[in-house]
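Residue numbers (the UniProt record's numbering), protein chains in the order written: chain A, 1 to 207; chain B, 1 to 207.
Every residue, glycine too, gets a C-beta built ideally from N, C-alpha and C.
Let me begin by presenting the structure, written as structure tokens, before commenting on it.
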DNA sequence: CACCCGATGTCAGTAACTGTCATCACGTAA
DNA sequence: TTACGTGATGACAGTTACTGACATCGGGTG
């Protein structure tokens, strides 16, 4: 049992997301977040390094999960296949957080500073994945390029999942993005092989 | 002819890079930059939106050049080949700025806030390239994935160019990175086909 | 009961950034 | 030549993110 109200950190994160969503990130002061959480501004900065970080505390867990899965892939798996295992696991972890992820994503896409923070978190993820691949014997720059590709695939899959009108299976969307990525990298002219996917599949070739 | 000392904007950028390089980004105040440029803090913020942006005013030109080259590629070129033309042009544009690019890059890699800004500039570049590819008839998400891949290739090539002990041909390094990238995406197990490249090419396969 | 310790509150201070108005140096037209 | 317009700059007050130093609170431990 806490000596004060429990989970100050969680209350701050919840209050921040609410306020950012209600009135916008820039129109929200840290003092207001702290007040809604029943704390002071100074305490906010003891839990979070800055006003943005309160939206990104989960990034560490995401990265650890992704890395663990890649590291645990069979020794004979190619880099891109090891990364695919990590993508699957991450998609699973998001499964029951569709509504939360949507709200958070809307807040972030509405503000450039928050996008910057998200990008550096993804860059950190990419760097960790590259390091893991190197540990599996993959040379540079193959490791870094493969890691960046995996993050790009994740982003595409995530945004499709978030942007869908109803809740869908994120793992499936990510796998489709990976398949389309391989086609592009192989030098394909245009379009995906998933006309059943729905959106944006009218592959108009240039004549 | 300017009414005051000419090129206030350029003087601010030069002063900022000097000070960031000498004593670090965080240890430099905007007032100090302005003073070295013979101006006031308020004038700094009339030329640059914030303390970071002073290092990134060239990003617009880079993006325009890259996009122009991709848009001008032959109609029958595959996405990845169109992007390769843009990569070549950008590498050319950097040719005579090795020392400047090194200093600037060192400043940026030493500070997380500056890295965030750089990442969002690259994301903007990626978005512009994806839009250009869509204009060439490439469907989503192939366009976005190809664009992100091109930016990743550029980053690898640029960092190798900057990190080299002597000045080398950036265009060549970028082309090598592109070749290695294609191999990874195709599902290759390990290493590059350029053992002559030097650094990091001891491809240790997992046993 | 005395003490320790971690989480919080209080308060002063720095620096990034903004809004507002005054001022300056030049071009232009009477 | 002089008066006026205009765009760039200076001066100054104000908000807010963020930090350091110190006090306080409440529970556990000897």
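Taking its Cβ as the centre, do 16 or more other Cβ atoms sit within 10 Å of residue 144 of chain A, making it buried, or is it exposed? The count along the first chain starts at 1 and reaches residue 144 of chain A at position 144. It is buried - the Cβ of residue 144 of chain A has at least 16 other Cβ atoms within 10 Å.
In whole angstroms, what is the alpha-carbon distance linking residue 134 of chain A and residue 140 of chain A? Looking up residue 134 of chain A in the first chain gives position 134. Looking up residue 140 of chain A in the first chain gives position 140. Distance between the alpha carbons of residue 134 of chain A and residue 140 of chain A is about 8 Å.
Going along the segment 160-188 of chain A in order, which residues come within less than 9 Å of chain B, judged by CB to CB distance? Interface annotation for the segment 160-188 of chain A against chain B: 160, 176, 177, 180, 181, 182, 183, 184, 185, 186, 187 and 188, criterion Cβ-Cβ distance under 9 Å.
Given residue 86 of chain A, which residues of its chain have a CB within under 6 Å of its CB, disregarding the five upstream and five downstream residues? Along the first chain, read from residue 1 onward, the residue named residue 86 of chain A stands at position 86. 66, 69 and 70, listed in sequence order.
Using a Cβ-Cβ distance cut-off of 8 Å, determine whether residue 108 of chain A contacts chain B. Here residue 108 of chain A refers to the residue found at position 108 of the first chain. Closer than 8 Å: no.
Partners in chain A for residue 156 of chain B, counting only beta-carbon separations shorter than 7 Å: For the purposes of this step, residue 156 of chain B is taken as residue 156 along the second chain, with counting starting at 1. Ordered by position in chain A, the residues that pass the 7 Å Cβ test against residue 156 of chain B are 141, 144 and 145.
Just tell me which of B:34, B:156, B:64 and B:160 has its CA closest to the CA of residue 54 of chain B. The count along the second chain starts at 1 and reaches residue 54 of chain B at position 54. Taking only the C-alpha atoms, the option nearest residue 54 of chain B is B:34.
I'd like to know whether the C-beta of residue 152 of chain A is nearer than 8 Å to at least one C-beta of chain B. Here residue 152 of chain A corresponds to residue number 152 of the first chain, with the count starting at 1. At a cut-off of 8 Å between beta-carbon atoms, residue 152 of chain A makes contact with chain B.
Out of A:183, A:24 and A:167, which one is the CA nearest neighbour of residue 97 of chain A? Residue numbering aside, residue 97 of chain A sits at position 97 when the first chain is read from its first letter. The option with the nearest alpha carbon to residue 97 of chain A is A:167.
Taking 8 Å as the cut-off, decide whether the C-beta atoms of residue 157 of chain B and residue 174 of chain B are in contact. Position 157 of the second chain, counted from the first residue, corresponds to residue 157 of chain B. Position 174 of the second chain, counted from the first residue, corresponds to residue 174 of chain B. Yes. Within cutoff.
By how many angstroms is the C-alpha of residue 42 of chain A removed from the C-alpha of residue 159 of chain B? Within the second chain, residue 159 of chain B is the residue found at index 159, counting from 1. Within the first chain, residue 42 of chain A is the residue found at index 42, counting from 1. Spanning the two alpha carbons is a distance of roughly 40 Å.
For residue 80 of chain B and residue 123 of chain B, which I take to be in contact (beta-carbon distance under 8 Å), what is that distance rounded to the nearest angstrom? Working through the second chain from its first residue, we reach residue 80 of chain B at position 80. Working through the second chain from its first residue, we reach residue 123 of chain B at position 123. That belief does not hold up - the Cβ atoms of residue 80 of chain B and residue 123 of chain B are roughly 20 Å apart, past 8 Å.
Out of B:93, B:184 and B:77, state which residue places its alpha-carbon closest to the alpha-carbon of residue 136 of chain B. For the purposes of this step, residue 136 of chain B is taken as residue 136 along the second chain, with counting starting at 1. Ranking B:93, B:184 and B:77 by CA distance to the CA of residue 136 of chain B puts B:77 first.
Taking the alpha-carbon positions, what's the residue 8 of chain B to residue 22 of chain B distance? For the purposes of this step, residue 8 of chain B is identified with residue 8 of the second chain, where counting begins at 1. For the purposes of this step, residue 22 of chain B is identified with residue 22 of the second chain, where counting begins at 1. Distance between the alpha carbons of residue 8 of chain B and residue 22 of chain B is about 21 Å.
State the DSSP-derived secondary structure class of residue 57 of chain B, mapped to helix, strand or coil. Residue 57 of chain B sits at position 57 when you count from the first residue of the second chain. In this structure, residue 57 of chain B counts as coil in the three-state DSSP scheme.
Would you report the Cα separation of residue 111 of chain B and residue 26 of chain B, rounded to the nearest angstrom? Locating residue 111 of chain B in the second chain gives position 111, counting from the first residue. Locating residue 26 of chain B in the second chain gives position 26, counting from the first residue. Their backbone Cα atoms lie some 8 Å apart in a straight line.
Does any residue of chain A have a CB that is nearer than 8 Å to the CB of residue 80 of chain B? In the second chain, residue 80 of chain B corresponds to position 80, counting from 1. Taking Cβ atoms only, chain A reaches closer than 8 Å to residue 80 of chain B, which makes this a yes.
Beta-carbon neighbours of residue 120 of chain B, restricted to chain A and to distances below 8 Å: If you number the second chain from 1, residue 120 of chain B lands on position 120. In chain order: 112, 115, 116 and 119.
Under 8 Å between the Cβ atoms of residue 114 of chain A and residue 52 of chain A? Here residue 114 of chain A corresponds to residue number 114 of the first chain, with the count starting at 1. Here residue 52 of chain A corresponds to residue number 52 of the first chain, with the count starting at 1. Cβ distance < 8 Å, so residue 114 of chain A and residue 52 of chain A count as in contact.
Outcome for residue 20 of chain A when other beta-carbon atoms lying within 10 angstroms are tallied against a minimum of 16: Taking the first residue of the first chain as position 1, residue 20 of chain A is located at position 20. Residue 20 of chain A comes out buried.
Take residue 100 of chain A as the anchor and find which of A:14, A:46 and A:149 has the nearest alpha-carbon. Along the first chain, one-based indexing puts residue 100 of chain A at 100. For residue 100 of chain A, the nearest C-alpha among the options comes from A:14.
For a quick check, are the C-beta atoms of residue 103 of chain A and residue 17 of chain A less than 8 Å apart? Here residue 103 of chain A corresponds to residue number 103 of the first chain, with the count starting at 1. Here residue 17 of chain A corresponds to residue number 17 of the first chain, with the count starting at 1. In this structure, residue 17 of chain A lies closer than 8 Å to residue 103 of chain A by Cβ.
In chain order, what residues of the same chain lie with their CB nearer than 6 Å to the CB of residue 64 of chain B, ignoring the 5 residues before and after it? As a working mapping, residue 64 of chain B is identified with position 64 in the second chain. So no residue of the chain qualifies.
With 16 other Cβ atoms within 10 Å as the buried cut-off, status of residue 29 of chain A: The count along the first chain starts at 1 and reaches residue 29 of chain A at position 29. Under this definition residue 29 of chain A is an exposed residue.
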